[in-house]
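Numbering (the numbering used here), first residue to last: 3 to 722. Here is the structure we will look at.
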Ligand code: IVH
């Protein structure tokens, strides 16, 4: 009540109200700013996760930011953006391709297709309390007396996939994308052993009918052993490693070469059927049906009649999960009864009938004892932390890579620090932080060496690269031995020699440059400790055989910095032989989609070194293969013979068929237009930037129909 005869009190009240309004305004202002900042931050994290496959924060941290945004938006709906990360599913970005490993792939390679039903996400819980709240919410919504059960499943840590079966036949395999539209990666999926192309007979047997359209959803994941193998190879090649099996699975699925995908050892598990038609009345029966159809379904699922049983099952897996041979990041809890699922429905982002329970990443604290600086094959120096042994996810961790000088600086590591080591789904332990409160007052920052720890040559740090290198490629013993180990390796020259043979040959002074291998004599080999005639002859035989290795393997074997197996294949496809490659201008290299500046510079640098040219000349004289033998090309007389062809966009026939057609008519597929391109065929949705770039190079695009008539006309010319 305002007392009019008391001016002071009135003024006070007025001032107080003004103050309150100001406070509310300030709060509103702050809330608006915070909503904007959070939205921006979450968008960046979405991009890191969905587009780059390189998240920089944990799922937990992400969820906390998301929760804060949701709460603020509820309180201040006037500031909620219609494109807020709270309403977007997955990535807003269509270019899912690419990850930080920079593996060869092209944005428009896959056909983008719309899911029949949106691919949603799951809301996360992190502790028993949150899980009990989920259960209570459901009970409240459906009525306390309603009987239902839960199905608990492992949450596979891979990348989501949706298989469309039309009349029981596999029609496409589409990635999540933005939840509405994804990439059809069917050609890469076919290489996965457990994929079934036709389940019509089994569906008929079990259901007595074949549903017209079914989307069967699941996860493509990479088991730990395959992940290890892949990263060991990448490490050898000094290519960036995959941070975890999830990124490796997502990255591999987007490769352009199904053969390479096949070698990656991906696996699949299926856990959901989406269809307009009723398939069965419980989730459990749906899983049984998938199993019956010969499709892969996890054996680690359990029906639980109440939330306490669910919690017990989760606790059991939380302890046992380290025994699994594949990565999991939690459990998924789903209501079993489909009619109840339908009643509960979905929010904009996730089903109300299911929830994820996320396991905590395993973390340990241990002391940094010392840092080794290792020299790699291409001279890259990697700092490796020697740690006081600590038990983590069932293995003892003693060493962990610190990657490069920037990483040490970023984490602000001091000698003797206590470091946090994590193994959250990752096989290679990761140093995630420092416990500063335990730092010794006198602790000093590590000093990154300025000379090579092996040969003493001053180190260099190329611009734009995070690593230091020893530039003494032809004189640094570690680099020389490592370059031989790489040269003889299975995917390179496949010569029967291990690390110790190379070391012995090096110590004796028999090998210094790669071509020395081809002039080794039996006499020299017999001088090696414990070598007999038979081993010497076997070794020489395998050296002889290596001369038949294809050009792409030889190119890879040369050990050009950053040129891994995939890039060697790309270069072979684009340039065909060593002369064209060594003579290519930087622009020609950059014109290849998969070749960026770092790769182009590395190739230019390699071929500008006379010592390398000398080795190539000698290897050539010894009879190694330095030109591609095209298997597909119609030996020189097809209608497209000698023509370099680039295809871009979507065609009336699948891309692989289109490529085959061109190759069987003598054409050579290039991945992007450059000065050597003869025919640039464009289909639907070919990006205007590509067309403009081609025109700049004087290459006028032709349509799919024009290509067909070109083949037809040239064929009939030849027949006449
Ligand atoms: S059910 C409506 N079951 O986790 C979403 N998802 O974080 C239904 N995932 O998008 C998904 N294992 O990619 C389901 N047993 C499982 C799963 C699983 C892994 C993935 C899936 C999903 C993501 C949510």
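No residue lacks a Cβ here, since even glycine has one placed at the ideal position from N, Cα and C. Given the structure is predicted, the values throughout are model-derived calculations rather than measurements.
Asked, Found
"For residue 302, which residues in the same chain have their Cβ closer than 6 Å to its Cβ, ignoring the five residues on either side in sequence?", "156"
"Can you tell me the Cβ-Cβ gap for residue 627 and residue 553, rounded? I've got them flagged as a contact below 8 Å.", "5 Å"
"If residue 377 and residue 481 are in contact, beta carbons under 8 Å, what's the gap, nearest whole angstrom?", "6 Å"
"Go ahead and label residue 274 buried or exposed: buried means 16 or more other beta carbons lie within 10 angstroms of its beta carbon, across all protein chains shown.", "buried"
"Which word fits residue 604, buried or exposed, when buried means at least 16 other C-beta atoms lie within 10 angstroms of its C-beta?", "buried"
"I want to know whether the segment 551–565 touches the segment 499–514 - three or more CB-CB distances under 8 Å.", "no"
"Is it buried or exposed, residue 593, if we count other Cβ atoms within 10 angstroms and call 16 or more buried?", "buried"
"I want to know whether the segment 224–240 touches the segment 538–545 - three or more CB-CB distances under 8 Å.", "no"
"From the DSSP output, in three-state form, read off residue 723 for me.", "Residue 723 is absent from the model: the chain starts at 3 and stops at 722."
"Taking 7 Å as the cut-off, is the C-beta of residue 353 nearer than that to any heavy atom in the ligand IVH?", "yes"
"What do you get for residue 449, buried or exposed, if any count of 16 or more other CB atoms within 10 angstroms of its CB means buried?", "exposed"
"Taking Cβ positions, are residue 595 and residue 677 nearer each other than 8 Å?", "no"
"Hey, would you say the C-beta of residue 69 is under 7 Å away from at least one heavy atom of the ligand IVH?", "no"
"Can you tell me whether residue 176 sits near the ligand IVH, meaning its C-beta is under 7 Å from at least one heavy atom of the ligand?", "no"
"Give the range of the alpha helix (DSSP H) segment to which residue 233 is assigned.", "226–238"
"Taking all protein chains shown into account, decide if residue 707 is buried (16 or more other Cβ within 10 angstroms of its Cβ) or exposed.", "exposed"
"Hey, would you say the C-beta of residue 576 is under 7 Å away from at least one heavy atom of the ligand IVH?", "no"
"Between 171, 235, 198, which has its C-alpha nearest residue 215's C-alpha?", "171"
"Over the uninterrupted beta strand (DSSP E) stretch that includes residue 374, give me the two end residues.", "365–377"
"Taking 6 Å as the limit between beta carbons, can you name the residues of its chain near residue 194, skipping five residues before and five after?", "268, 270"
"Please identify the residue among 580, 602, 642, 63 whose C-alpha is closest to the C-alpha of residue 631.", "580"
"From residue 683 to residue 660, what does the alpha carbon distance come to, in whole angstroms?", "10 Å"
"If you pair each beta-carbon of the segment 228–236 with each one of the segment 197–207, do three or more pairs fall below 8 Å?", "no"
"For the candidate residues 606, 572, 582, 573, whose alpha-carbon lies nearest to that of residue 588?", "606"
"Candidates 212, 561, 609: which alpha carbon is nearest residue 582's?", "609"
"Assign residue 48 to one of three DSSP states: helix, strand, or coil.", "helix"
"Check the C-beta distance from residue 196 over to residue 297 and give it rounded, since I have them as a contact under 8 Å.", "7 Å"
"Quick check: residue 342 and residue 373, are their CB atoms within less than 8 Å of each other?", "no"
"With DSSP as the reference, label residue 572 as helix, strand or coil.", "helix"
"Looking at residue 88 and residue 71, is the spacing between their C-beta atoms short of 8 Å?", "yes"
"Extract the residue ranges of the alpha helix (DSSP H) inside the segment 227–314, only unbroken runs of 4 or more that lie entirely within it.", "247–255, 260–265, 285–294"
"For a test of your reading of the model: does the CB of residue 302 fall under 7 Å from any non-hydrogen atom of the ligand IVH? Yes or no.", "no"
"Measuring CB to CB, does residue 159 end up less than 8 Å from residue 248?", "yes"
"Please report the distance separating the alpha-carbon of residue 63 from that of residue 83.", "22 Å"
"Check whether the Cβ of residue 356 lies closer than 7 Å to any heavy atom of the ligand IVH, and answer yes or no.", "yes"
"Among all the DSSP beta bridges, which residues are the ones paired with residue 647?", "671, 681"
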